[in-house]
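Scroll down for the structure; my scribbles are underneath it.
Numbering (my numbering), first residue to last: 1 to 158.
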């Protein structure tokens, strides 16, 4: 989803072809930022997002599993040039407001990734989280140090 939002941010058309536009880059992102797995399956989110009410697949009806809850073999996604993306209504909504794309990206990152890698993923995909991230209080550190009398709250070291 983040990869597609990044594409929309950069003017990509509504649908992404699985074989030529999704598989390689999403596989790479899953390897680098996803949980450790023996096998990475970029086809799973691509296919399963259609159950979320905003994702649409083109040529999915040509796959052997059409009409069932099962996922087709990756070979069929490539062979039939299955393409996916936001439905027209949601595509128009997000592409008409780049700030909304960045806000959605931030919400997804905060909900599904540790803070330590959120900024790296955002930078990799071209999201501007600083534009929407709440401004931190510049006095916070000073106030905390003062509150604890400039020493460690656990061991008293200063």
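Beta carbons: idealized from backbone N, C-alpha and C, even for Gly.
Remember, it's a predicted structure, so these values are computed and weren't measured experimentally.
Heavy atom of the ligand SAH within 7 Å of residue i beta-carbon
i, result
"residue 45", "By its list of ligands, the structure shown contains no ligand whatsoever, and the ligand SAH lies outside what it can speak to."
Cβ-based burial, residue i [other Cβ within 10 Å; buried from 16]
i, result
"residue 146", "exposed"
"residue 110", "exposed"
"residue 183", "Here the chain covers residues 1 to 158 and nothing more, so residue 183 does not appear."
"residue 46", "buried"
"residue 73", "exposed"
"residue 18", "buried"
"residue 3", "buried"
"residue 125", "buried"
"residue 76", "buried"
"residue 122", "buried"
"residue 154", "exposed"
DSSP beta-bridge partners of residue i
i, result
"residue 85", "56"
Assumed close pair residue i, residue j - CB separation to whole angstroms, cut-off 8 Å
i, j, result
"residue 30", "residue 42", "6 Å"
"residue 59", "residue 82", "5 Å"
"residue 119", "residue 129", "7 Å"
Within the segment 16-76, note down every full beta strand (DSSP E) run reaching 3 residues or more, in order along the chain. If we require 3 residues or more, the beta strand (DSSP E) runs fully inside the segment 16-76 come out as 55-58.
I'd like to know if the segment 14-33 and the segment 138-145 are in contact, where contact means that at least 3 CB-CB pairs between them fall below 8 Å. Verdict: no, contact absent.
Give a yes or no on contact between the segment 51-70 and the segment 99-107, applying the rule of three or more CB pairs nearer than 8 Å. As far as the Cβ criterion goes, the segment 51-70 does not touch the segment 99-107, which means the pair count is below three.
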